[in-house]
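Protein chains: 2
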Amino acid sequence: MKQLKGALLFGQSGGPTSVINASAAGVLLEALDNELITEVYAAEHGIKGILEERLFDIRQEERHELELLKHTPSSAFGSVRYKLKDPNVDDTDYRRILEVFKKYNIRYFFYNGGNDSMDTCNKVSKFLQKAGYDCKIIGVPKTIDNDLYGTDHCPGFGSAARYVATTMMELYQDTHVYNTGLVTVVEIMGRNAGWLTAASALANLKGCGPDLIYLPEVPFDLDEFVEDVKRVASQKQGKVIVAISEGIKDKDGKYISEYATSLSRDSFGHAQLGGLAAFLANVINQKLNVKVRPIEFSLLQRCAAHIASKRDVEEAFMAGKMAVKYATSGYTDKMVCFVRDESSSDYKISYELLDLEKVANVEKKIPLEWIDIKNRNVTNEVIDYILPLIQGELDYPFEDGLPRFARLRKVLVQK
Amino acid sequence: MKQLKGALLFGQSGGPTSVINASAAGVLLEALDNELITEVYAAEHGIKGILEERLFDIRQEERHELELLKHTPSSAFGSVRYKLKDPNVDDTDYRRILEVFKKYNIRYFFYNGGNDSMDTCNKVSKFLQKAGYDCKIIGVPKTIDNDLYGTDHCPGFGSAARYVATTMMELYQDTHVYNTGLVTVVEIMGRNAGWLTAASALANLKGCGPDLIYLPEVPFDLDEFVEDVKRVASQKQGKVIVAISEGIKDKDGKYISEYATSLSRDSFGHAQLGGLAAFLANVINQKLNVKVRPIEFSLLQRCAAHIASKRDVEEAFMAGKMAVKYATSGYTDKMVCFVRDESSSDYKISYELLDLEKVANVEKKIPLEWIDIKNRNVTNEVIDYILPLIQGELDYPFEDGLPRFARLRKVLVQK
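For the protein sequence lines, the chains are A and B, in the order given. Just so we're aligned: the first sequence equals residues 53 to 467 in the numbering used here. Just so we're aligned: the second sequence equals residues 53 to 467 in the numbering used here.
Right, dumping it as structure tokens:
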């Protein structure tokens, strides 16, 4: 196979995770050591940085700081939510991308993100192929939602799951301290897939988990919800913890969070922000006349790098490294995916490739047979699936008692 | 001094912290080793457990599990919010307490809590003195609010401060990832003292802190707030992080959170719950037409034992241990307090005693000269004061990737 020599470009896209920068470290450190790769660039704000020709020169960074990216949450080079048009309708952006790639002789392109980002990656890949421009393109998966198709799981999910389970245990301790009733409603991220909310069930392994779990995969009914809480409250001296996915919908597919917003308007008639947890807690308070506490994990669940799963950090790093290895071996138009060895009783993962086309825009949800609908819980299959992903304690770098994030110079390449 | 032999009783009270159980471990482990102490009891739900004669026999617990209390958040024996009446008006509860103390020959009593708990401790101490019942009584301080009078700082504060500063840094990373504006409003605990909100400024040492800090010590004005946010937004590409104490009040002393609740009613006319952050974010959204994100640290800031400050855990443990040492040396009617050696450039603390009467019900706020009112910030004095308290990384015990909390048998003593 003809060996392709040229510059490498890396971009980050979509919502942040605790370990997206670990994948960046994997790509960039591997690239710096590879003889086929001439220059190493990272785009500012993903695809937007390419269009605007804002590229950071990674050779200007200290290696030690790039290593620290493993423990720096969110996207160090900036992220973006930018949907490329259908090239058959408007190929302006694609032609601009080709122009930039040619100018900097970019022959390796890696895009790190979730569903939408893999769609972007796929479209760019197909356009460059059609244009006859030789560039190896590999998608590196990332999402706390764990909803990417074709991979056992996604980097970012394990750490978010560990945060959710750990925090749930801590909350359990806190909310069970008084001899009075309290219904705690915890809202967890995941618009259409309930993986992260399901991770709260891990806390039940230690007797400190939620009593009721509501997932987007199962239609949500407000009256049933009130009855569920009432039943548990009567069994558990009024102390109930509920885990709710932000993406729960009614039987017609309408998000309950929209419903919440439309119901709660302030005295000026302005819609109140956010607050699915607050809305549901309020309903419970009114219907059952009990003390309630709504809690939203909000952004904290996706950026708490200090409690990241060591396995997740290592896998995210490896996903980036393997992307470079595969690309420099000639592979292109693929996403790195994780395959779990089901024949082994120990957890074992291999890093393989999947066509970008297959993964783009397909959402992986929790199989219905893994959900215990009657008891508002998940089955042991879910626990067995998630538990290995949260394993391993990091030797997390602190300085002055605070996280030591990577300090990058971020030198822009002269246009 | 005549040596007093008898049983020891320990109780926990008030809001949980990450390290209240570390003080429990200090008291109980020290007690088990002390020859003057016959039996070792912990009351269920503090003073309520005494009145109801629900006492756990600590000699039934494994030592290893008692050690693990150092890393188990919240109150392992249950907490309570129960205000004792003025004994001159109604001494029923006091007589009952005396009865229970006599029955179990309790000669050492330790109460772990904040302002209200020290008031309880003081009242019980004075009543037993008056009744001529010899019992050594020492208060062990605890509160994330850090508002106890007469002690350099309180166990629980350092860990909560570390949580606040760490999470603020992580949030900074997350909220600065897109090339679009975003105003993040973070609500932090502290009804009348702004210490914990001020701790968010530590994140600015690493360039990842809040732009604006609002404390209960300074009257809050909604119009000024909007102007502040507008000014920072214009300087920082629309990206603003605001740290707000839950206890901010207007110039007439009315809590802004009450104001928020009265303004936001749902379509049924029911007051919406919580949400000072949501309320203020909503105001910004409406007045400045920018994207906003309200975040409440809620209970998480007081129970996240996994990110506790090692120094705080050790000091909380020592506070418990010293209480037993002082009491068995004959001291009574005191609270353990921390005295910082101001003559030393290194951080050095000594454990001393203060009259319970002096500490009960007095709130320690941030001195006004430590607040930079104009810039909505705190001065370096605050940083120098708080920074030593968040130091030290724990070798936190995990099991299956999850926190390993103490597993107590909790054997109730036969009545």
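Ideal placement from N, C-alpha and C gives every residue a C-beta, glycine not left out.
Under the rule that 16 or more other beta-carbon atoms within 10 Å means buried, what is residue i, buried or exposed?
| i | result |
| --- | --- |
| glutamine 324(A) | Residue placement at glutamine 324(A) is flagged as unreliable, the pLDDT there being 45, under the threshold of 50; a coordinate-derived value is accordingly withheld. |
| arginine 363(B) | buried |
| asparagine 164(A) | buried |
| threonine 219(B) | buried |
| aspartate 318(A) | Here aspartate 318(A) scores only 43 on pLDDT, less than 50, and its place in the model is too uncertain to base an answer on. |
| isoleucine 149(B) | buried |
| leucine 420(A) | exposed |
| valine 229(B) | buried |
| tyrosine 399(B) | exposed |
| isoleucine 425(B) | exposed |
| glycine 208(B) | buried |
| glutamate 415(A) | exposed |
| glutamate 394(A) | exposed |
| glutamate 298(B) | buried |
| aspartate 304(A) | exposed |
| leucine 460(B) | buried |
| serine 309(A) | buried |
| lysine 175(B) | buried |
| asparagine 140(B) | exposed |
| serine 316(B) | With a pLDDT of only 47 at serine 316(B), under 50, the local geometry of the prediction cannot be trusted, and the value read off the model is given with reservation. Classification of serine 316(B): buried, given that the 10 Å Cβ count is 16 or more. |
| asparagine 427(B) | exposed |
| asparagine 167(A) | buried |
| glutamine 55(B) | exposed |
| asparagine 413(A) | exposed |
| glycine 321(B) | Reliability fails at glycine 321(B), whose pLDDT of 44 lies under 50, so the model's placement of it is uncertain and no value is given. |
| glycine 259(A) | exposed |
| aspartate 199(B) | buried |
| aspartate 385(A) | buried |
| valine 480(B) | Outside the shown range of chain B (53 to 467) lies residue 480(B), about which nothing can therefore be said. |
For my contact list, residue i and residue j are in at a C-beta cut-off of 8 Å; report their separation, rounded to the angstrom.
| i | j | result |
| --- | --- | --- |
| threonine 195(B) | glycine 66(B) | 7 Å |
| serine 252(B) | proline 268(B) | So it is not a contact: roughly 14 Å between Cβ atoms. |
| isoleucine 435(B) | leucine 234(B) | Actually they do not touch by this definition, with Cβ atoms about 26 Å apart. |
| leucine 248(A) | aspartate 197(A) | 7 Å |
| leucine 107(B) | leucine 61(B) | 7 Å |
| glutamine 353(A) | valine 216(A) | 6 Å |
| serine 127(B) | proline 193(B) | The Cβ separation is near 14 Å, so there is no contact. |
| phenylalanine 457(A) | threonine 124(A) | 4 Å |
| serine 211(A) | alanine 360(A) | 4 Å |
| alanine 357(B) | proline 449(B) | Contact doesn't hold; Cβ gap of about 10 Å is too wide. |
| leucine 340(A) | alanine 285(A) | 7 Å |
| isoleucine 401(B) | aspartate 204(B) | 7 Å |
| valine 71(A) | valine 376(A) | About 17 Å separates the two Cβ atoms, so there is no contact after all. |
Would you list the residues sitting across from residue i in a DSSP beta bridge?
| i | result |
| --- | --- |
| asparagine 429(A) | Asp424(A) |
| serine 397(B) | Answer by DSSP bridge pairing: none, since serine 397(B) is not bridged. |
| glutamine 64(B) | Asn164(B) |
| methionine 387(A) | Gly191(A), Leu406(A) |
| glutamate 415(B) | Leu200(B) |
| glycine 382(A) | Paired residue(s): none; glycine 382(A) is not in a bridge. |
| leucine 464(A) | Phe108(A) |
| phenylalanine 450(A) | Pro455(A) |
| lysine 59(B) | Position check: residue 59(B) holds alanine in this sequence, whereas lysine was assumed. Bridge partners of alanine 59(B): Ile158(B). |
| arginine 147(B) | DSSP lists no partner for arginine 147(B). |
Examine the ligand GDP and report whether any of its heavy atoms sits within less than 7 Å of the Cβ of residue i.
| i | result |
| --- | --- |
| serine 169(B) | Of ligands this structure carries none, so the ligand GDP is not represented either. |
Quick one: any contact between the region 94-103 of chain B and the region 139-159 of chain B, if contact means 3 or more CB pairs under 8 Å? Touching, yes.
So does the region 181-188 of chain A actually touch the region 153-167 of chain A, counting three or more Cβ pairs closer than 8 Å? Taking a cut-off of 8 Å for Cβ pairs, the region 181-188 of chain A and the region 153-167 of chain A touch, as three or more such pairs fall below it.
Count Cβ pairs between the region 343-360 of chain B and the region 343-357 of chain A that sit closer than 8 Å; are there 3 or more? The region 343-360 of chain B makes contact with the region 343-357 of chain A: 3 or more CB pairs, one atom from each, lie closer than 8 Å.
Which complete alpha helix (DSSP H) runs does the region 215-258 of chain A hold, if anything under 4 residues is left out? 247-250
Would you call the region 386-396 of chain A and the region 74-86 of chain B in contact, with 3 or more CB pairs under 8 Å? No, they do not touch.
Check whether the region 439-456 of chain A and the region 86-96 of chain A are in contact - that is, three or more C-beta pairs closer than 8 Å. A contact is defined here as three or more CB-CB pairs under 8 Å, and the region 439-456 of chain A fails this definition with respect to the region 86-96 of chain A.
Jot down the residue ranges of each uninterrupted alpha helix (DSSP H) in the region 149-211 of chain B, minimum 4 residues, whole runs only, in chain order. 167-182
Using 8 Å as the threshold, is the region 365-382 of chain B in touch with the region 265-279 of chain B, meaning 3 or more CB pairs across them? no
What are the complete beta strand (DSSP E) segments, minimum 3 residues, inside the region 249-310 of chain B? 264-266, 291-297
Only counting runs of 3 or more residues, tell me where the beta strand (DSSP E) segments fall wholly within the region 320-364 of chain B, in order along the chain. Fully enclosed beta strand (DSSP E) runs of 3 or longer: 344-348.
Can you give, in chain order, each stretch of the beta strand (DSSP E) that sits fully within the region 65-140 of chain B and has at least 3 residues? As for any beta strand (DSSP E) of minimum length 3 sitting wholly inside the region 65-140 of chain B, the runs are 89-95, 107-109, ordered along the chain.
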